[in-house]
Amino acid sequence: MQATVGDRLHVHSRSVGLEERLGEILEVRGTDGAPPYLVRFNDGHEGLVFPGPDCTVEPRGTV
67 MQATVGDRLH
77 VHSRSVGLEE
87 RLGEILEVRG
97 TDGAPPYLVR
107 FNDGHEGLVF
117 PGPDCTVEPR
127 GTV
């Protein structure tokens, strides 16, 4: 997985009834666009994310 600042991280729901989460990548802390990413989610929460198989990166401007 690779990302740049401004891309969106989409965390897909793993269970029925759980919300999907969207966030903006604020910092890329790995090398060459690799995780971890500092992400600000739509609810205002910020966190360091090591994306799993339930995550996708959406390039800036596609959402």
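According to the numbering used here, the sequence shown holds residues 67 to 129 in order.
Beta carbons are placed, not taken as given, at the ideal position from N, Cα and C, and that holds for glycine.
Annotation: Phe116 is outside any beta strand (DSSP E) and is labelled neither H nor E by DSSP.
If you draw a 10 Å sphere on the C-beta of Leu84, you find fewer than 16 other C-beta atoms in it, and that means exposed. Around the beta carbon of Arg80, a 10 Å sphere encloses fewer than 16 other beta carbons of the protein chains shown; the residue is thus reported as exposed. Under the 10 Å beta carbon count, Val77 is surrounded by 16 or more other beta carbons and is classified as buried.
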